[in-house]
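Chemist: Encoded as structure tokens, here's the structure I'll be asking about.
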Amino acid sequence: MTSRTKYYIIFSSIAAVALLLFFFYPRSGKDNSIETLNLAFAVPPEPTLAYGLNIDSLVVVKDKIRKNQHLSDILLKHGVDYPTIDLLARRSKPVFDVRKIRSGNNYSVLLSDDSLQKANYFVYEISPVDYVVFDLVDSVHAHRGEKEISITVDTTSGVIESSLWNAMVEANADPNLANELSEIYAWTVDFFGIQKGDNFKVVYENLWVEGDRIGIGKVLASTFNHYDKELLAIYFVQDSTGDYFDDEANSLRRTFLKAPLRFRRISSKFSYSRMHPVLKYRRPHLGVDYAADRGTPVVSVGDGLVVRASWDNGGGGRVVKIKHNGTYTTQYMHLSKYGKGIKKGVQVSQGQVIGYVGSSGLSTGPHLDFRFYRNEKPIDPLKVKSPAAQPVDSTNLERFNVEKEKWQKILNAISVDKPDTSTLVAVK
Numbered sequence: 075m076t077s078r079t080k081y082y083i084i085f086s087s088i089a090a091v092a093l094l095l096f097f098f099y100p101r102s103g104k105d106n107s108i109e110t111l112n113l114a115f116a117v118p119p120e121p122t123l124a125y126g127l128n129i130d131s132l133v134v135v136k137d138k139i140r141k142n143q144h145l146s147d148i149l150l151k152h153g154v155d156y157p158t159i160d161l162l163a164r165r166s167k168p169v170f171d172v173r174k175i176r177s178g179n180n181y182s183v184l185l186s187d188d189s190l191q192k193a194n195y196f197v198y199e200i201s202p203v204d205y206v207v208f209d210l211v212d213s214v215h216a217h218r219g220e221k222e223i224s225i226t227v228d229t230t231s232g233v234i235e236s237s238l239w240n241a242m243v244e245a246n247a248d249p250n251l252a253n254e255l256s257e258i259y260a261w262t263v264d265f266f267g268i269q270k271g272d273n274f275k276v277v278y279e280n281l282w283v284e285g286d287r288i289g290i291g292k293v294l295a296s297t298f299n300h301y302d303k304e305l306l307a308i309y310f311v312q313d314s315t316g317d318y319f320d321d322e323a324n325s326l327r328r329t330f331l332k333a334p335l336r337f338r339r340i341s342s343k344f345s346y347s348r349m350h351p352v353l354k355y356r357r358p359h360l361g362v363d364y365a366a367d368r369g370t371p372v373v374s375v376g377d378g379l380v381v382r383a384s385w386d387n388g389g390g391g392r393v394v395k396i397k398h399n400g401t402y403t404t405q406y407m408h409l410s411k412y413g414k415g416i417k418k419g420v421q422v423s424q425g426q427v428i429g430y431v432g433s434s435g436l437s438t439g440p441h442l443d444f445r446f447y448r449n450e451k452p453i454d455p456l457k458v459k460s461p462a463a464q465p466v467d468s469t470n471l472e473r474f475n476v477e478k479e480k481w482q483k484i485l486n487a488i489s490v491d492k493p494d495t496s497t498l499v500a501v502k
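First residue of the sequence shown? That's 75 in the working numbering, and the numbers climb one at a time after it.
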């Protein structure tokens, strides 16, 4: 750098400071130069955002969709004409079909803050989190968005007097936690057989949007004391998949066999309206028919208790029904005969022969009518997702043990004698 350049930089800096002092130095006796300079260089305030839009210069009208109310009913009131509404409905269809607007859901109309109050945007809330913005400003179009979810990690506990649901209510916790625990412990606790005095401790996520709680997230850790046996559940992620494990790093879930026999083909699927091959009229067929040779062994798809092994007068013929846990039950129909020792009250293992393919009852030929129930409601056996049952991998065991120790300390500090719900931490 030359001397001339140095002098030029110094001279420019002095000139800039002189200009600042000239314009902002007080010309009265009152020394307000600092305040004036702060005002001159003040950072502008953050804009007010809603649905990702700057609403500082807009009027926001909020309401709920009423019964039989359509998009046109709302927008016409705010001066939007029919051609524009029709164009909006057609252009937004790939993003959101306006015919799916449901009564009771929230919406907002964002109007210009002037005498015209022209509708600039219409926002429909699909759920407490998801929304769709219909843009009427430049080119008519729509786009989806999501509200920010905040998470609090909370704890609760309780002692069962009548039911798990009631115990959650008494602990001022979300009763839906009862369903979550029922799913987590489905293979280890029969929730139809829980007894007075059983107790629980739970660490779980509460989900919040704009200060309103919208529901529960994951159960992170819990203990369930059943018949004086404490059952630990830790939520742990490995290979990008989360599952629940016990204190020995074994999965709390079990697998089902994909089918209860070796079959030739599926002759009939799950349906709420199937033409019955014998009765010749439509009625629900809430199972899957596997065509197979008479005498083909039929096995239980999972461990469980035989709750029925008898003749079904409704057309099912010889039937075996197995309760696998407090959630899942399976049924095997039209058997030619039962497996050895199969009767009500017998425990069976996965893969154990419980009967043989036949054509008993209302049937046109040998096959197995296999049915699956979840909480006593029939579900399509072909759509049952058998849960993973792998233990924690050895490569992840050290990390799991660290997580387990952390949650056990928190659970041990929770009292079941004084049911309470408290917050551990808030997470953005």
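Ideal Cβ placement from N, Cα and C applies to all residues, glycine included.
Tell me the DSSP secondary structure of Glu222 in three-state form.
Modeler: Coil.
Chemist: Run through DSSP, which three-state label would Phe98 get?
Modeler: Residue confidence is low: Phe98 scores 49 on pLDDT, short of 50, so the model does not pin down where it sits. No coordinate-derived value is stated.
Chemist: For Asn486, does the three-state DSSP call read helix, strand or coil?
Modeler: Asn486 falls in the helix class under three-state DSSP.
Chemist: Answer yes if the segment 424-432 comes into contact with the segment 286-304, meaning at least three C-beta pairs across the two stretches below 8 Å, and no otherwise.
Modeler: These segments do not touch.
Chemist: So what does DSSP say about Ser296, is it helix, strand or coil?
Modeler: Residue state, collapsed to three classes: strand.
Chemist: Comparing alpha-carbon positions, which option in Val214, Ile258, Phe274 lies nearest Glu235?
Modeler: Nearest option by C-alpha distance: Phe274.
Chemist: Which residues bound the alpha helix (DSSP H) around Tyr301?
Modeler: First-last for Tyr301: undefined, no H or E at that position.
Chemist: Need the endpoints of the beta strand (DSSP E) that Lys395 sits in, please.
Modeler: Where Lys395 is concerned, the enclosing beta strand (DSSP E) stretches over 391-397.
Chemist: Nearest-angstrom Cα distance between Thr404 and Asp171?
Modeler: Spanning the two alpha carbons is a distance of roughly 39 Å.
Chemist: Assuming Val514 and Gly400 are in contact, meaning their beta carbons sit under 8 Å apart, how far apart are those beta carbons, in whole angstroms?
Modeler: Only positions 75 to 502 of the chain appear in this structure, which leaves residue 514 out of reach.
Chemist: DSSP three-state label for Arg473, please.
Modeler: Helix, per DSSP.
Chemist: Going by DSSP, what residues sit across from Val207 in a beta bridge?
Modeler: DSSP lists Val197, His217 as partners of Val207.
Chemist: What separation, rounded to the nearest whole angstrom, lies between the Cα atoms of Arg339 and Val427?
Modeler: Distance between the alpha carbons of Arg339 and Val427: 20 Å.
Chemist: Helix, strand or coil, according to DSSP, for Thr280 in the structure here?
Modeler: Sequence inspection shows Asn at residue 280; the Thr mentioned does not correspond to that position. Here Asn280 sits in strand by DSSP.
Chemist: Between Asp454 and Asp248, what straight-line distance do the alpha-carbon atoms span, to the nearest angstrom?
Modeler: Asp454 and Asp248: Cα-Cα distance of roughly 30 Å.
Chemist: For Lys480, which residues in the same chain have their Cβ closer than 8 Å to its Cβ, ignoring the five residues on either side in sequence?
Modeler: Correct list: empty, nothing qualifies.
Chemist: Quick check: the Cα distance between Lys292 and Asn253, rounded to an integer number of angstroms?
Modeler: Looking at the two C-alpha atoms, the distance is approximately 12 Å.
Chemist: For Pro371, name the three-state secondary structure that DSSP assigns.
Modeler: It is a strand residue.
Chemist: Among the residues of its own chain, which have a CB less than 7 Å from the CB of Ala323, if the five just before and after it don't count?
Modeler: Same-chain partners within the cutoff: Pro465, Val466, Leu471, Phe474.
Chemist: Quick one, which of Tyr205, Pro371, Arg392, Tyr318 has its alpha-carbon nearest Pro334's?
Modeler: The residue with the shortest Cα to Cα distance from Pro334 is Pro371.
Chemist: Can you tell me which of the three DSSP states Ala463 falls into?
Modeler: Coil.
Chemist: For Ala365, name the three-state secondary structure that DSSP assigns.
Modeler: Strand at Ala365.
Chemist: Is it buried or exposed for Asp147, if we count other Cβ within 10 angstroms and need 16 for buried?
Modeler: Exposed, by the Cβ-count rule.
Chemist: For Val203, which residues from the same chain have a beta carbon less than 8 Å from its beta carbon, with the 5 sequence-adjacent residues on both sides left out?
Modeler: Same-chain partners within the cutoff: Glu220, Lys221, Ile223, Val283, Ile288.
Chemist: Just how far apart, CA to CA, sit Arg448 and Leu184?
Modeler: Cα to Cα, Arg448 sits roughly 46 Å from Leu184.
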